[in-house]
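See below for the structure under consideration.
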């Protein structure tokens with residue numbers, strides 16, 4: 001399957017711990033996006049990369065959040081000192097330049 | 113700021129009935145509009161993408177229309193089946209990159 005993959009699919013952590021999620025985009029897609037979705041809401045944009053450059057960050061992305069895409073391929077999203085309000089589904093998407101976005105299965109984070 | 117609204121929030125229909133899902137957006141300056149399906153606890157599956165220059169797009173039993181000037185899109189699903197039960201999300205692309213989503217319409221098709 002050559003779709004977008006995300007790992008882990010589920011993560012349960014205690015408040016204050018750090019967590020890291022990984023996204024592997026479709027191989028020829030040079031754009032990669034991170035979104036966050038809370039229960040009953042649509043996804044909200046967090047950040048996006050074009051190749052290895054992070055070009056935009058939402059105000060939702062506090063300084064506890066950091067995202068990287070070191071070689072323009074996979075990306076990681078790290079949350080430091082997690083809070084209960086960080087509990088959500090974290091979705092990754094990829095696209096060719098400016099075209100249709102394809103989403104991965106998401107990582108569900110639960111902060112206890 | 114682009115606001116996307118989907119009405120109704122939930123819909124229950126008997127099998128075989130046609131579904132009509134509505135999406136409205138506040139800023140008509142969009143690149144395109146996508147309709148997605150989301151099953152519980154899962155990611156998003158793209159159903160249809162309509163470019164800003166298009167009026168409608170069709171795929172099988174699905175048809176989506178776009179009226180950019182009035183800020184509206186409608187997704188039609190013909191002859192609904194229980195397998196169509198899911199949440200349907202509308203998203204507009206107001207810029208060259210990010211999508212702005214509505215909160216979705218949760219559809220239940222009763223057998």
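Chains as they are written, first to last, in this note's numbering: chain A, 1 to 112; chain B, 113 to 223. Just so it is clear, CB atoms sit at the ideal spot from N, CA and C, and this is done for glycine as well.
- Linking residue 94 of chain A to residue 125 of chain B through their CA atoms gives a straight-line distance of about 34 Å.
- Put simply, of B:199, B:201, B:159, B:185 the residue whose alpha carbon is nearest the alpha carbon of residue 140 of chain B is B:185.
- For residue 178 of chain B, there are no neighbours in chain A by C-beta distance under 9 Å, as the nearest C-beta there is about 15 Å away.
- In this structure residue 138 of chain B is not in contact with residue 166 of chain B, their Cβ atoms being roughly 20 Å apart against a cut-off of 8 Å.
- Cβ-Cβ distances below 7 Å link residue 206 of chain B to 114, 139, 141, 142, 212 in the same chain, with the five nearest sequence neighbours on each side left out; the list follows chain order.
- Among the residues facing chain A, residue 215 of chain B is included, as its CB has a counterpart in that chain under 8 Å away.
- Put simply, the CB of residue 52 of chain A is far from chain B, with every gap to its CB atoms at 8 Å or more.
- Distance from residue 6 of chain A to residue 23 of chain A at the Cβ level is roughly 5 Å; contact confirmed, criterion being Cβ atoms closer than 8 Å.
- Under the 8 Å Cβ criterion, the region 171-184 of chain B does not count as touching the region 70-77 of chain A, having fewer than three qualifying pairs.
- Using a Cβ-Cβ cut-off of 8 Å, residue 209 of chain B counts as an interface residue toward chain A, since at least one Cβ of chain A sits closer than that to its own.
- Counting only unbroken stretches of 3 or more residues, the beta strand (DSSP E) elements lying wholly within the region 123-177 of chain B are 131-137, 144-150, 156-163, 168-171, in sequence order.
- Secondary structure of residue 193 of chain B (DSSP, three-state): coil.
- Take the alpha-carbon of residue 164 of chain B and the one of residue 15 of chain A: they are about 44 Å apart.
- Under the three-state reduction of DSSP output, residue 84 of chain A falls in the helix class.
- When A:82, A:52, A:87 are compared, the shortest CA-CA separation from residue 71 of chain A is found for A:52.
- Boundaries of the beta strand (DSSP E) around residue 78 of chain A: 75-79.
- Within its own chain, the residues whose Cβ lies closer than 7 Å to the Cβ of residue 105 of chain A, once the five positions on either side in sequence are excluded, are 6, 9, listed in chain order.
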